[in-house]
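Report on one structure; see the data block that follows.
Protein chains in written order, with the working numbering: chain L, 1 to 441; chain V, 442 to 638.
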């Protein structure tokens, strides 16, 4: 397969003799990248976050070209090392996209590589903003049905044996906007409430043995120190299984918007219950029935009028991030379809790709490491013949669970609120190469 | 700390010499318990232990009425939730506005489902718990127990769930029967069917 594909791949341009002696002329429109769909004129006129970002890319590119006209980067000394917190190249412009109310900011999944989400691009979701917390003042109290109620500072927690784990966190409401509409244009806008980080902290099982769990304690109330004082009930089995209190994200302190100075990590479970700014764990014999597990984050099935409660696990899902909505392919030829797959239940077993609107499916390759409860990167070589088509991905996890179609979900769950929505995403490739979100119900 | 640290080093040295399974050997260097953190005092706990359960555990002394709640609601809540508890969508308000609190009964099995405290919330305790700790949005944790009892009495009275003359307190509140009390069931996923189409 690879061999036949390889023979047809033509990417980049042969180096002409003249290129070696004179500066390159300005790139043609098609080489501005496959990402902006709009014309140069539209882009420069701005409007909308995506086009504004694209315009920045273009302008930056021109600046670079101008610099190179005068002198190549290799002709002058470069920047010396500084004692600072490094930043990315000024030519890199991918940013989170905040919703108008400022309660969410979505990860630009279509601009990222591999499986780790840079901390500064990890999605945000909060219910009364990001609290400003002085770590020296912050405490975690564990009380309730325990033998020894305890109080821990951040420094206390750091002295315990630690654990690091690469884990995806996905908001329960992620992708809900794609259930019955295709108006969200990009992978970011439609599915950007999922991210993967390496989290480091202390196992809850360690802390539980410190405080001594009393017989009959079946639930733990986890409470945040934000204005919403966000609270959820967690069953003790999960606490003792793989839960931990994290103080670090991707090798450094957790970012404020992700729970600084400490948060709960419940691998594979909906984002909301991974309580940020964690300040209190209270053990009890019953669930506490907070707002976030009754009035919200319960799954109303409109077919019956009844709601699923305590549906914590995020089930298998996948998303093609390239090519994806609002991009434009410059012409027929080779493209590596790539994207992410994840499941809160078990490791991803396979990802299948369809390039004909779901009629035929073929296996994508999975990039190692394939970690449980983490984003997995998949890839699939594709030769686009230039005709209109629809591309889709479908994930299966090691329990045998297969990501459902949107039609299946509507038939089984009706049209209620769309928590835990994992229907297959369809991207349409038009003959002109433009990629758009389409609803196949 | 030093003694346990030394234990780790000792175990490591022994295991390195004895077998390649040094990592598992180090496990024995981890103490059963650790002298980190401090005992939480009753005052520490009382300062934060404000949550309320459906059985009433956590409800403080105090009481409230519909009439008092009506006044507090007009001052503290109506800007976002509407004068008639109908909810407001306005991008200029925090969170884009507050949701409707009443109405929606009989809609949950329709495509025009309307989720409110009245139509959907299974427990009155959740209303108390949430208002006490998270409302009003611009000044969370600022309301006193009597005020919260009154707001619960007002909202549930407007929802025709309790009598407008009822007094809300630690005894009466857990007895409130919410209309959708039996509208929930535990997670039953994954579906017991093959999910291929």
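We treat Cβ as the ideally placed atom computed from N, Cα and C, and that holds for glycine.
Comparing C-alpha distances from residue 259 of chain L to each of L/388, L/252, L/277 shows the shortest one belongs to L/277. Taking CB atoms only, residue 517 of chain V has no neighbour in chain L less than 9 Å away. Look at residue 381 of chain L here: in three-state DSSP terms it is strand. The C-beta of residue 630 of chain V comes closer than 9 Å to at least one C-beta of chain L.
Residue 95 of chain L and residue 152 of chain L have their C-alpha atoms roughly 35 Å apart.
Following the DSSP letters along the chain, one finds residue 392 of chain L inside the beta strand (DSSP E) bounded by residues 389-397. At a cut-off of 9 Å between C-beta atoms, residue 558 of chain V counts as an interface residue with respect to chain L. Along the stretch 137-163 of chain L, the alpha helix (DSSP H) occurs as fully enclosed runs of 4 or more residues at 154-159, listed in sequence order. When secondary structure is reduced to three states using DSSP, residue 309 of chain L falls in the strand class. Under the 10 Å beta carbon count, residue 299 of chain L is surrounded by 16 or more other beta carbons and is classified as buried.
For the set L/162, L/139, L/331, the Cα lying nearest the Cα of residue 248 of chain L is the one of L/162.
Our two residues, residue 396 of chain L and residue 92 of chain L, have alpha carbons roughly 34 Å apart in a direct line. Residues of chain V with a Cβ closer than 8 Å to the Cβ of residue 309 of chain L are, in chain order, 625, 626, 627, 628. In this structure, residue 610 of chain V sits near residue 590 of chain V, with a CB-CB distance shorter than 9 Å.
Rounded to whole angstroms, residue 335 of chain L and residue 379 of chain L show a C-alpha spacing of 10 Å.
Against chain V, the beta carbon of residue 240 of chain L has no neighbour under 9 Å; the closest one sits roughly 16 Å away. Between residue 145 of chain L and chain V, the shortest Cβ-Cβ separation is not below 9 Å. At least one CB atom of chain V sits nearer than 9 Å to the CB of residue 152 of chain L. Annotation note: the stretch 232-315 of chain L contains the following uninterrupted alpha helix (DSSP H) runs of length 4 or greater, listed N- to C-terminal: 236-241. Between the stretch 136-148 of chain L and the stretch 205-223 of chain L, the count of C-beta pairs closer than 8 Å reaches three or more; the two stretches touch.
Among the CB atoms of chain V, none fall inside 9 Å of the CB of residue 244 of chain L. Assigned with DSSP and collapsed to three states, residue 219 of chain L falls in strand. For the set L/76, L/376, L/297, the Cα lying nearest the Cα of residue 313 of chain L is the one of L/297. Of all residues in the stretch 349-381 of chain L, none has a C-beta nearer than 8 Å to a C-beta of chain V. The beta carbon of residue 511 of chain V sits no closer than 9 Å to any beta carbon of chain L. Here the stretch 610-628 of chain V makes no contact with the stretch 535-544 of chain V; the two share fewer than three CB pairs at distances below 8 Å. Around the C-beta of residue 106 of chain L, 16 or more other C-beta atoms lie within 10 Å, and the residue is accordingly described as buried.
By the rule that beta-carbons nearer than 9 Å mark a contact, residue 426 of chain L does not touch chain V. Residues of the stretch 119-144 of chain L with a C-beta atom less than 7 Å from some C-beta of chain V are 128, 141, 143, listed in chain order. In this structure, the straight-line span from the alpha carbon of residue 546 of chain V to that of residue 561 of chain V is close to 8 Å.
By a beta-carbon distance limit of 8 Å, residue 179 of chain L does not contact residue 321 of chain L. Their separation comes to about 20 Å.
Apart from the 5 residues on each side of it in sequence, residue 338 of chain L sits with its Cβ closer than 8 Å to the Cβ of 320, 321, 322, 377, 378, 379, 380 in its chain, given in chain order. Per the coordinates, the alpha-carbon of residue 327 of chain L lies some 53 Å from the alpha-carbon of residue 477 of chain V.
Contact annotation, residue 341 of chain L with residue 352 of chain L: C-beta distance approximately 10 Å; criterion of less than 8 Å not satisfied. Around the beta-carbon of residue 482 of chain V, fewer than 16 other beta-carbon atoms lie within 10 Å, marking it exposed.
Looking at the DSSP output, residue 167 of chain L bridges to L/197.
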